[in-house]
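Undergrad: My questions will all concern the structure given below.
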Amino acid sequence: MGTLNVTPDSFSDGGKFFDAASAVAQAQRMVAEGADIIDVGAESTRPGSQRVGAAEQIRRIEPVLPEVARMGAVVSIDTTLSEVARFAIQAGAKIVNDVSAGRDDPEMFALAAAREVGLVLMHMLGEPKTMQQEPRYDDVVAEVRDFLAGRLAAAEAGGVDRRRCIVDAGIGFGKRLEDNLALLRHVEALAELGVPVLCGPSRKRFIGEIAGEPVPANRLGGTIAACLAARRHGAHLFRVHDVAAVVQALAVAEAIEPASPAQRRRPEGPPAGAPR
903 MGTLNVTPDS FSDGGKFFDA ASAVAQAQRM VAEGADIIDV GAESTRPGSQ RVGAAEQIRR
963 IEPVLPEVAR MGAVVSIDTT LSEVARFAIQ AGAKIVNDVS AGRDDPEMFA LAAAREVGLV
1023 LMHMLGEPKT MQQEPRYDDV VAEVRDFLAG RLAAAEAGGV DRRRCIVDAG IGFGKRLEDN
1083 LALLRHVEAL AELGVPVLCG PSRKRFIGEI AGEPVPANRL GGTIAACLAA RRHGAHLFRV
1143 HDVAAVVQAL AVAEAIEPAS PAQRRRPEGP PAGAPR
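Residue 903 is where the sequence shown starts when you use my numbering, and the numbers rise one by one after that.
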């Protein structure tokens, strides 16, 4: 899953693809590099970020998302608002990536159910503006797993086919360094929920804390290491900025050590539009 931030303020590449032509060109580049999914977002969810309303999100993605949908990759819309998701689905998106796991907008589940799209449910402690202000857990793996199990149940109660759901531990979203490492070390706990697991460690702060690298764009090595570790423990999808390098690393890892049946475990049918 290639990350496409149509924003002026995302933590790693904010503003770089805010211009529609630049965003479309970046999507083309990521598809050529092997991205199966392009995740288009118009609201930064970096720590301390401010919310962006539906109208502005739609204004930002309107000249971009339809063009990306015509490229052949599956398009995901990164939003917590059903109004934005509805526009994106009409423009060709097949997956909704909701970092609030359906908590921000009570209409999101009904929309995903009615339009039969894939739905990513992510764990986040608090909201982006405050999530990194002293996050604390007793058992982060158990708490994240239980939260996601609860959100899966809520989505099903809202009419969403469980086979269309994906879960994400929310690396960096209200997590300390040790929390992120524990979640990457125990991805299998989330895989036991019986749906695909998405992992998004790309260029995140925890890599900089370990490596002493303050510049997000210089954290490719750590991103690859985190993705390979997550794959080994059962992750199925990887949301990254540097598509070519991660695709190559995953291909080599698969050639050396093919994933076990447990690592490959998925529901009978993949999420709508997602690669098998």
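Cβ atoms here follow ideal geometry from the backbone N, Cα and C, with glycine treated the same way.
In or out: R961 buried (at least 16 other Cβ within 10 Å) or exposed?
TA: Here residue 961 refers to the residue found at position 59 when the sequence shown is read from its first residue. So R961 ends up on the exposed side.
Undergrad: Following the continuous alpha helix (DSSP H) through L1013, name the residue where it begins and the one where it ends.
TA: Within the sequence shown, numbered from 1, the residue matching residue 1013 stands at position 111. Taken as a continuous stretch (DSSP letters only), the alpha helix (DSSP H) holding L1013 covers M1010 to R1017.
Undergrad: Report the start-end ranges of each alpha helix (DSSP H) in the segment 931 to 994 that is 4 residues or longer and not cut off at the edges.
TA: For the segment 931 to 994, the continuous alpha helix (DSSP H) assignments of 4+ residues that do not extend past its boundaries occur at 956 to 963, 967 to 971 and 984 to 992, in sequence order.
Undergrad: Which ranges does the alpha helix (DSSP H) cover as unbroken runs of at least 4 residues, wholly within the segment 1024 to 1060, from first to last along the chain?
TA: 1042 to 1059
Undergrad: Beta carbon of G936, beta carbon of N907: below 8 Å?
TA: Taking the sequence shown and counting its residues from 1, one reaches residue 936 at position 34. Taking the sequence shown and counting its residues from 1, one reaches residue 907 at position 5. For G936 and N907, no; Cβs fall outside 8 Å.
Undergrad: Sort out for me which residues DSSP pairs F1140 with in a bridge.
TA: Locating residue 1140 in the sequence shown gives position 238, where the first residue counts as 1. Paired residues: C1101.
Undergrad: In whole angstroms, give me the CA-to-CA distance for G904 and D1041.
TA: Your numbering for residue 904 matches position 2 in the sequence shown. Your numbering for residue 1041 matches position 139 in the sequence shown. Approximately 31 Å, taken between the alpha carbons.
Undergrad: Measuring CB atoms only, is the segment 1055 to 1063 touching the segment 1015 to 1034, in the sense that at least three cross pairs come out at less than 8 Å?
TA: yes
Undergrad: Please tell me whether L1023 and A1057 are closer than 8 Å, where the distance is taken between their beta carbons.
TA: Along the sequence shown, one-based indexing puts residue 1023 at 121. Along the sequence shown, one-based indexing puts residue 1057 at 155. Result yes, Cβ atoms of L1023 and A1057 sit closer than 8 Å.
Undergrad: Return helix, strand or coil for D1081, following the three-state DSSP convention.
TA: Residue mapping note: residue 1081 aligns to position 179 of the sequence shown, counting from 1. If DSSP states are grouped into helix, strand and coil, D1081 belongs with the helices.
Undergrad: Would you check if the distance between the CB atom of V986 and the CB atom of V977 is smaller than 8 Å?
TA: To locate residue 986, count along the sequence shown from 1; it is residue 84. To locate residue 977, count along the sequence shown from 1; it is residue 75. No. Outside cutoff.
Undergrad: Can you check which of these residues, P910, K1077 and P1118, is closest to D921 by C-alpha distance?
TA: Within the sequence shown, residue 921 is the residue found at index 19, counting from 1. Out of P910, K1077 and P1118, P910 has the C-alpha closest to the C-alpha of D921.
Undergrad: Going by beta-carbon coordinates alone, are V1019 and K996 separated by less than 8 Å?
TA: Mapped onto the sequence shown, residue 1019 falls at position 117. Mapped onto the sequence shown, residue 996 falls at position 94. Going by C-beta atoms, V1019 is nearer than 8 Å to K996.
Undergrad: Closest to N1120 by CA distance: which of R1066, R1133, G1072 and A1147 is it?
TA: Within the sequence shown, the letter at position 218 stands for residue 1120. Nearest to N1120 by alpha-carbon distance, out of R1066, R1133, G1072 and A1147, is A1147.
Undergrad: Look up L1095 in the DSSP assignment and say whether it is helix, strand or coil.
TA: The count along the sequence shown starts at 1 and reaches residue 1095 at position 193. In this structure, L1095 counts as coil in the three-state DSSP scheme.
Undergrad: Going by the CB atoms, is the gap between L1122 and A1155 shorter than 8 Å?
TA: Counting from one through the sequence shown, the residue named residue 1155 turns up at place 253. Counting from one through the sequence shown, the residue named residue 1122 turns up at place 220. No, Cβ-Cβ distance for A1155 and L1122 is not below 8 Å.
Undergrad: Going along the chain, which residues of its own chain have a beta-carbon closer than 7 Å to the beta-carbon of E1009, five neighbours each way excluded?
TA: Position 107 of the sequence shown, counted from the start, is the residue given in the question as residue 1009. Around E1009: S984.
Undergrad: With burial defined as no fewer than 16 other Cβ atoms inside 10 Å of the residue's Cβ, what is the status of V1117: buried or exposed?
TA: Within the sequence shown, numbered from 1, the residue matching residue 1117 stands at position 215. Result: exposed.
Undergrad: Which residue wins for smallest C-alpha separation from P949, given the options Q1150, K1077, L1086 and L1139?
TA: In the sequence shown, counting from the first residue as 1, residue 949 sits at position 47. Here the closest residue by C-alpha is K1077.
Undergrad: My assumption, with CB atoms under 8 Å, is that L1085 sits in contact with V1046. Please give the rounded CB distance.
TA: The count along the sequence shown starts at 1 and reaches residue 1085 at position 183. The count along the sequence shown starts at 1 and reaches residue 1046 at position 144. Correct: roughly 6 Å between the Cβ atoms.
Undergrad: Helix, strand or coil for T905? Go by DSSP, reduced to three states.
TA: Here residue 905 refers to the residue found at position 3 of the sequence shown. DSSP places T905 in strand when its eight states are reduced to three.
Undergrad: Give me the Cα-Cα distance between H1143 and R1105, rounded to the nearest whole angstrom.
TA: Numbered from its first residue, the sequence shown carries residue 1143 at position 241. Numbered from its first residue, the sequence shown carries residue 1105 at position 203. Cα to Cα, H1143 sits roughly 8 Å from R1105.
Undergrad: Output the boundary residues of the alpha helix (DSSP H) element that contains V1149.
TA: Along the sequence shown, read from residue 1 onward, the residue named residue 1149 stands at position 247. Here the alpha helix (DSSP H) through V1149 covers V1145 to I1158.
Undergrad: Is the separation between the beta-carbon of F1108 and that of L1079 shorter than 8 Å?
TA: The residue given as residue 1108 occupies position 206 in the sequence shown. The residue given as residue 1079 occupies position 177 in the sequence shown. F1108 is a Cβ neighbour of L1079, given a cutoff of 8 Å.
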